[in-house]
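Inspection log for the structure reproduced underneath, given as structure tokens.
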Amino acid sequence: MKLKNLILGFVVLMLFVSLVYSQEGYRKSWALIIGINEYQSLPRLNGAVRSAKMIREKLVREFGFDPENVIELYDDQATRENILKAFDRLMDPRRVSKEDRIFIYFAGHGVTRQVGGKDKGYIMPVDGVMEKYASTAISTDQLHEFQEAIPAKHVFFAMDACYSGTIFTRGIGLAEERYTSVPEALKRFTAKTARVAITAGSKDEQVMDLADQGLSVFAFYFLKALDGDADVNRDGLITSSEIADFVAKNVRFRAPQNPQYGRLPGDEGGEFVFVRSRQVVTEEKPVQPQQVIIKEEPKTQPKRVVREEGKKAETIIQQPKASQFWISAFIGASGNNHSISSDDPAIKYRETSGGGGVIGVGFEYVIDNRFSFVFNTAYDEKNGTFKIAPFEVYEGTIVTEFGPDIGWEAKLTYLTINPMLKAKYKGFYFIAGPSIGFALDKKAHFKAGYVVYDATTGYTYEAGTIEQEEKIENVKTRFSLPIGAGYDLRLSDFKLFIEARYDIGLTKVVKGGDWKVSSFQILLGLRYGLNLGI
Numbered sequence: 001m002k003l004k005n006l007i008l009g010f011v012v013l014m015l016f017v018s019l020v021y022s023q024e025g026y027r028k029s030w031a032l033i034i035g036i037n038e039y040q041s042l043p044r045l046n047g048a049v050r051s052a053k054m055i056r057e058k059l060v061r062e063f064g065f066d067p068e069n070v071i072e073l074y075d076d077q078a079t080r081e082n083i084l085k086a087f088d089r090l091m092d093p094r095r096v097s098k099e100d101r102i103f104i105y106f107a108g109h110g111v112t113r114q115v116g117g118k119d120k121g122y123i124m125p126v127d128g129v130m131e132k133y134a135s136t137a138i139s140t141d142q143l144h145e146f147q148e149a150i151p152a153k154h155v156f157f158a159m160d161a162c163y164s165g166t167i168f169t170r171g172i173g174l175a176e177e178r179y180t181s182v183p184e185a186l187k188r189f190t191a192k193t194a195r196v197a198i199t200a201g202s203k204d205e206q207v208m209d210l211a212d213q214g215l216s217v218f219a220f221y222f223l224k225a226l227d228g229d230a231d232v233n234r235d236g237l238i239t240s241s242e243i244a245d246f247v248a249k250n251v252r253f254r255a256p257q258n259p260q261y262g263r264l265p266g267d268e269g270g271e272f273v274f275v276r277s278r279q280v281v282t283e284e285k286p287v288q289p290q291q292v293i294i295k296e297e298p299k300t301q302p303k304r305v306v307r308e309e310g311k312k313a314e315t316i317i318q319q320p321k322a323s324q325f326w327i328s329a330f331i332g333a334s335g336n337n338h339s340i341s342s343d344d345p346a347i348k349y350r351e352t353s354g355g356g357g358v359i360g361v362g363f364e365y366v367i368d369n370r371f372s373f374v375f376n377t378a379y380d381e382k383n384g385t386f387k388i389a390p391f392e393v394y395e396g397t398i399v400t401e402f403g404p405d406i407g408w409e410a411k412l413t414y415l416t417i418n419p420m421l422k423a424k425y426k427g428f429y430f431i432a433g434p435s436i437g438f439a440l441d442k443k444a445h446f447k448a449g450y451v452v453y454d455a456t457t458g459y460t461y462e463a464g465t466i467e468q469e470e471k472i473e474n475v476k477t478r479f480s481l482p483i484g485a486g487y488d489l490r491l492s493d494f495k496l497f498i499e500a501r502y503d504i505g506l507t508k509v510v511k512g513g514d515w516k517v518s519s520f521q522i523l524l525g526l527r528y529g530l531n532l533g534i
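Residue numbers (my numbering): 1 to 534.
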């Protein structure tokens with residue numbers, strides 16, 4: 001009896017699985033979602049991460065994608081190494097079967113380069129470097145290799161990136177076949193292998209963001225397509241070609257870009273199909289902090305963008321071009337360490353101290369994601385205060401005794417020019433380079449008590465306090481070696497930075513003297529990225 005019940009339960013379970021599979025068309029649904037706003041050496045994007053997260057949540061909540069089967073890489077997670085590891089997981093036949101589907105969405109920077117006389121496209125990971133795209137980016141050729149190695153019968157790439165149209169081997173149009181029933185259509189669509197891709201623009205186009213939505217034009221209409229707006233025949237099946245047709249027609253009215261839809265190597269004419277789940281899935285622990293809400297567009301068709309220089313729709317923001325140049329301004333304080341002695345054995349310095357301010361501007365050229373060249377110029381104070389031990393001056397029997405309090409204050413300021421090499425790790429950096437300083441102010445203030453008397457008779461001629469301003473003579477051009485470390489905090493197109501450095505004095509302050517000055521400095525500043533393009 002128990003054996004009969006067990007067999008009956010197994011049969012029911014298999015029937016249930018078969019029913020679910022026949023209605024959904026796939027055994028399992030996998031997704032790789034990548035969104036990058038904060039690049040290490042490329043300009044910041046505004047809507048990439050939000051676009052990717054909204055696509056991800058739509059798949060999980062409404063189209064039956066298991067959160068456990070969705071790989072998410074945002075900002076600093078989306079390194080080249082991590083993206084390649086994600087594809088390794090999707091190519092693993094122990095995880096992914098032939099009856100599965102895989103959806104891949106990338107939102108970030110892309111680039112097209114001439115290689116061997118042909119255009120080749122690349123997607124840029126968060127650690128991608130424009131000048132080293134061949135070794136730090138991921139080429140469309142590699143994406144072709146990955147999708148050919150993926151066991152799943154259906155793979156769909158959605159590339160929301162600049163210059164992403166080079167991924168295709170051939171273009172296709174909207175499918176025109178007709179079917180008598182939804183199950184028949186689903187069976188026919190999913191029977192053949194599908195390797196398809198849609199891109200936000202062609203190979204020579206940049207893509208746009210919607211200023212009022214916080215996401216890209218491409219993502220906005222892709223989400224509306226999944227809402228059902230692309231289901232032109234209202235059969236409940238949203239196919240990849242229906243999505244492509246809907247997205248392309250609408251994006252062209254909102255931006256100067258032409259989404260492309262095409263097939264990849266290994267495609268046999270199948271369709272990647274989205275079927276809305278019977279109920280909206282509520283995850284036990286929310287993956288995203290905010291609910292997905294797509295604003296409805298006005299019913300009237302927006303005006304087509306005029307593709308002339310300087311004429312753009314007000315709601316569109318062009319994603320910034322690649323930039324590797326930063327300008328900066330900074331201010332700081334110094335603690336100065338003066339090493340000084342006198343040729344006169346009677347004069348001995350008991351105490352030395354000093355401080356001052358630093359204010360300057362700089363320019364940074366990003367060599368790659370690890371190194372930058374920095375050029376700073378600054379107004380740098382090397383002021384010092386010196387306490388001198390009492391001493392005596394003899395002229396025959398007349399003695400002039402200075403003390404007990406003798407002070408000498410030096411005001412030294414330099415205009416410095418300072419090229420430096422900057423080594424970076426994430427937000428932290430180490431920086432060092434030679435500095436040359438040209439003296440601007442070179443003044444001193446001397447103050448001392450004194451008494452003049454006759455050494456033989458003891459008669460006092462004069463007593464009082466002497467105080468005078470004087471010019472420091474023979475001040476030399478100063479050479480030094482600043483060495484320091486700091487941290488860059490990225491704020492949109494700006495970086496707020498704090499830096500600590502020790503400025504080692506290499507040369508003497510004055511000719512013929514034994515006086516050097518070094519400084520410990522704390523700097524606070526702001527860098528701004530220039531979108532000059534590459």
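The beta carbon of each residue, even a glycine, is placed where N, CA and C say it ideally should be. Just so we're clear, the structure is a prediction, and the values are computed from it rather than from any experiment.
Judged by DSSP secondary structure, Val361 falls within the beta strand (DSSP E) whose first and last residues are 355-366. Under the three-state reduction of DSSP, Leu84 is assigned to helix. Only residues of its own chain outside the window of five on either side were considered, and among them Tyr487, Asp488 have a CB closer than 6 Å to the CB of Gly427, listed in chain order. When only Cα atoms are considered, Pro390 and Phe402 end up about 6 Å apart.
The Cβ atoms of Gly128 and Thr140 lie no closer than 8 Å to each other. Distance between Tyr105 and Arg527, taken at the CA atoms: about 32 Å. For Ala439, the three-state secondary structure derived from DSSP is strand.
Following the DSSP letters along the chain, one finds Val155 inside the beta strand (DSSP E) bounded by residues 154-161. Judged by DSSP secondary structure, Asp245 falls within the alpha helix (DSSP H) whose first and last residues are 240-254. Under the 8 Å Cβ criterion, the region 37-44 counts as touching the region 351-369, having at least three qualifying pairs. By the C-beta density criterion, Pro482 is buried, having at least 16 other C-beta atoms within 10 angstroms. Comparing alpha-carbon positions, the option among Tyr461, Ile388, Asp503, Ala463 lying closest to Phe446 turns out to be Ile388. Among the bridge pairs identified by DSSP, Arg101 is matched with Ser29, His154. Counting only residues of its own chain and dropping the five nearest sequence neighbours on each side, Glu131 has no CB closer than 6 Å to any other CB.
CA-CA distance, Val517 to Phe218, rounds to 59 Å. Rounded to whole angstroms, Asp227 and Arg27 show a C-alpha spacing of 23 Å. Leu496 sits exposed, since fewer than 16 C-beta atoms from the chains shown fall within 10 Å of its C-beta.
Annotation for Val247: Ile198, Phe218, Tyr221, Phe222, Ala225, Ala230, Pro259 place their beta carbon closer than 8 Å to its own, counting only its chain and skipping 5 residues before and after. DSSP places Thr136 in the helix class (H, G or I) of the three-state scheme. In the DSSP secondary-structure assignment, Thr460 is bridged to Tyr453. The residue among Leu264, Gly269, Ile238 with its C-alpha nearest the C-alpha of Arg276 is Ile238. The straight-line gap separating the alpha-carbon atoms of Pro404 and Ser328 is approximately 48 Å. In the DSSP annotation of this structure, the continuous segment of the alpha helix (DSSP H) that includes Arg50 starts and ends at 48-62. Annotation for Lys422: Ser372, Val374, Tyr429, Ile431 place their beta carbon closer than 6 Å to its own, counting only its chain and skipping 5 residues before and after. Taking the C-beta atoms as reference points, Phe325 is found nearer than 8 Å to Leu530.
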